[in-house]
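What follows is one structure encoded as structure tokens, with my remarks underneath.
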Amino acid sequence: MFKYLPLWANILLGMGLAIALAVAALTYNNLHDIDRLTAEAEHEQLALYADSLQAEIAAETRLAAAMSTLVANLPDIQSHFAAGDRAWLRAALEPAYRKLHADYGVVQFQFHTPPATSMLRLHMPERYGDDLSGFRHSVVDTNREREPQRGLEVGVANLGARGIVPVAWQGRHVGSVEFGMAFGADFFANFKQHHGVDAALHLARADGLRTFAGTFGAQPLLDDSRLRAALAGTPQLVHTRLGTTPVAVYASAVTDYSGTPIGVIELVRDRSAALAAIAASTREAWLVAALVAGLSLVLTLLTARALERRIRRLAGGIKQIAAGDLSHEIAIDGRDELAALGHDGERMRRHLHGLVGEVEQDARAVDEAAREIAGAVEGQAATSSEMSASIAEITSTMEELSASSTQIAEYSGSVAEIAKRTYDDSLQGAESMQQLAAQMEEIRRDNQHALAEIVALGHKSKEISKVMEIIDTVADQTKLIAFNAALEASSAGEAGKRFGVVAAEIRRLADSVTDSTSEISNKVIEIQDAINRLVINSEKGSQSIAEGLEASSRSSGLLRSLVEAAGETTSSAQQISLSTQQQKTASNQVVVALREIVTASADTAQSVQRIAQVAQQMTQLSTNLGQRVDRFELGAAPAADTRDPA
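Every letter in the sequence shown is one number past the one before it in the UniProt record's numbering, and letter 385, counting from 1, is 385.
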């Protein structure tokens, strides 16, 4: 979350915010539910109070109807009512009315003749004979339908709880009798006393709703729109204040005897206790939320610190590996993702440990092979130098032999001329033949020596070929080792890139060595071919020299009998001349071959020097590789990992 903070702080902040939001949301939701449930409870409670008020009104009208039924079924009452005897009815019933008025709240007791004409009002005996049909619809309905009617209705004495029963005499309907119960301020005061709830009734008038009676004020607490909504049949619940007291106001419709809404009941209940309870619940809820959040944060902190310690241990092991220390085990306990990561890191450490050990062994092997190659190349270089010196000497000798052959050819011509000369010249010819024999013997010895050196040169060239084969084999093994090291370096990822660079350089040097040895092998083959040709020519030269010696011997014999065999001497001189010409040609060929061998030997020396340089580079590279491998601290070889990574 915050990249500059430690992990435990990030976890604590993140979880702390989440816990705070969760606790705040839950607490707010719970408090909201408490408010909602409180409002619903208030609504239900006030609705029950409204039902109780309606039930008490119904009880009043039922009592009125019961008393009316009693009076309507008294025969004396029926007969005198049918006779229109107002005085008798007043005298008989007025004492009872006064008792009912005083003790039971009866405020109206009257008789009506159809359809709704007042015949006797015991509560107002002096007033009678007025037609009530214009507004006393319950009386009209009772006389028309001859069925009892009870309920609220507005009369001459304002609104009352009335019970009206039809009266018949001898099967003839004669009118109706009515009792009206007290329904006003006293009724609502008694209701408040019994239930502890203020109540008021607001009647619907042409100019709006007007308060009929109640226990609070002369005006409704709800506005006109809510009162009309309640009058239309939708109960209303509003939280407001009555003075300084918080109250809940409930409004519902009130109907008359026929079920027609005639007004609205307002019930007012003090909410101070409920609000105090809500406030206490709110304080307790926030206190509990704070405690829960605090405990959650403490648990989160402990968990985060424990997680951080495990991550630090894992990071410490990874840092040791990055620093080249492969001797310490990465130990992470548990079976979670961190433990799995630790096991993977330990497997990587073990793999690197084995890989570095193998590379170290290979580096040592390469170093030893490079040193052996360097030693072999140094020996080959010394041999090449000796061979070059020997070939140079052979070349010099063969050049002298060629010069001698030229002289022999000249001498052969002279011998041919001398053979034609006189006997005196034969003595000089004999001496010349002796010199010739001595020189031929020397040439023979030089030729044999040159032939031996050439054969030795052939053997040396074969040894060079064997050395080149060894170098090729070592180069191939070096390339294979470099290829394996490159594969291991690529599988090791970022840590193996340095090994990959070293392996690539070793393989490049091995390729260079292979190319150089191939070039040397080709040159050695050319040298061997030239040596073979030189051997053949040398053998021919030896044969010619032998023939020359034989001819010289014969010439010496002939010179002793020069006089007797002058003709034979001339023939022998001609043969000697021919042989010396052949020897001259062979000597020239040997000189040319030896010069080619000198050139090849110089090339061989250069190649050997190049091989020596490559060997030195391989030695240096193997030394560098060993130094890089030595950066890793391996310690003891790790045992096989048998732990469950899960």
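Even glycine gets a Cβ: it sits at the ideal position worked out from N, Cα and C.
CB contact flag (residue i, residue j, <7 angstroms)
i	j	result
alanine 24	glycine 163	no
alanine 213	phenylalanine 188	yes
leucine 37	threonine 300	no
glycine 263	valine 249	no
leucine 267	leucine 46	yes
valine 165	serine 68	yes
phenylalanine 135	glycine 160	no
alanine 530	isoleucine 464	no
Environment of residue i [buried if 16+ CB atoms lie within 10 Å]
i	result
alanine 646	Its pLDDT being 45, under 50, alanine 646 is placed unreliably in this model, and the value from its coordinates should be taken loosely. Result: exposed.
arginine 445	exposed
isoleucine 525	exposed
threonine 473	exposed
serine 225	exposed
glutamate 386	exposed
threonine 244	exposed
tyrosine 97	buried
residue 648	No statement about residue 648 is possible, as the shown extent of the chain runs from 1 to 646 and does not include it.
glutamate 431	exposed
alanine 18	exposed
arginine 309	exposed
tyrosine 4	exposed
alanine 600	buried
leucine 70	exposed
threonine 234	exposed
tyrosine 49	buried
serine 553	exposed
serine 138	buried
serine 461	buried
For residue i, the three-state DSSP class (helix, strand or coil)
i	result
phenylalanine 111	strand
alanine 32	One point to set straight first is that residue 32 is histidine, not alanine, in the sequence displayed. Note: histidine 32 maps to helix in three-state DSSP.
alanine 251	strand
glutamate 550	helix
asparagine 158	strand
alanine 646	For alanine 646, the predicted model reports a pLDDT of 45, less than 50, meaning its position is unreliable and no value from the coordinates is stated.
glutamate 56	helix
threonine 211	strand
glutamine 627	helix
threonine 234	coil
alanine 199	strand
arginine 310	helix
arginine 335	coil
glutamate 44	helix
isoleucine 330	coil
arginine 498	helix
aspartate 223	coil
glutamine 170	coil
leucine 242	strand
Of the residues the options, the one placed nearest residue i, counting alpha carbons only
i	options	result
methionine 468	Leu509, Lys523, Leu203, Thr113	Lys523
leucine 120	Asp141, Gly84, Ala280, Arg136	Gly84
glutamate 368	Ser52, Met15, Gln616	Gln616
glycine 626	Ile531, Ser544, Val502	Val502
tryptophan 8	Ala253, Phe135, Ala304, Ser544	Ala304
valine 107	Pro125, Thr113, Ala92	Pro125
alanine 504	Gln582, Ser490, Ser516, Glu494	Ser490
alanine 306	Asp223, Gly496, Ala290, Asp333	Asp333
threonine 478	Lys497, Thr514, Gly496	Thr514
isoleucine 57	Glu393, Gly129, Ala602, Leu152	Leu152
valine 366	Ile481, Glu442, Glu60	Ile481
proline 114	Leu93, Arg146, Trp88, Gly175	Gly175
alanine 290	Tyr28, Ile464, Ala274	Tyr28
threonine 397	Val592, Ile471, Gln110	Val592
aspartate 476	Arg508, Met348, Ala452	Arg508
glutamine 110	Ile321, Gln78, Gly180	Gly180
aspartate 186	Met15, Leu231, Phe216	Phe216
alanine 206	Asp198, Glu547, Arg228, Leu222	Arg228
arginine 241	Pro95, Ser272, Glu284	Ser272
valine 614	Ala437, Ile471, Tyr104, Ile527	Ile471
glutamine 581	Thr406, Gln606, Leu621	Thr406
alanine 199	Asp51, Ala91, Asp511, Gln589	Asp51
glutamate 417	Gln574, Ser465, Leu297	Gln574
Contact test: residue i Cβ vs the ligand MG heavy atom, cutoff 6 angstroms
i	result
threonine 406	You won't find the ligand MG in this model; it holds no ligand whatsoever.
(message) Using 8 angstroms as the cut-off, can you tell me whether the segment 533-544 makes contact with the segment 446-455, which would need three or more C-beta pairs spanning the two stretches below that distance?
(response) Contact holds between the segment 533-544 and the segment 446-455, because three or more Cβ pairs, one in each stretch, are under 8 angstroms apart.
(message) Across the segment 70-87 and the segment 168-176, are there enough close Cβ pairs to call them in contact, namely three or more that are closer than 8 angstroms?
(response) Yes, the segment 70-87 is in contact with the segment 168-176.
(request) May I ask you to verify whether the segment 306-320 touches the segment 342-359, counting CB pairs closer than 8 angstroms and requiring at least 3? (result) Yes, the segment 306-320 touches the segment 342-359.
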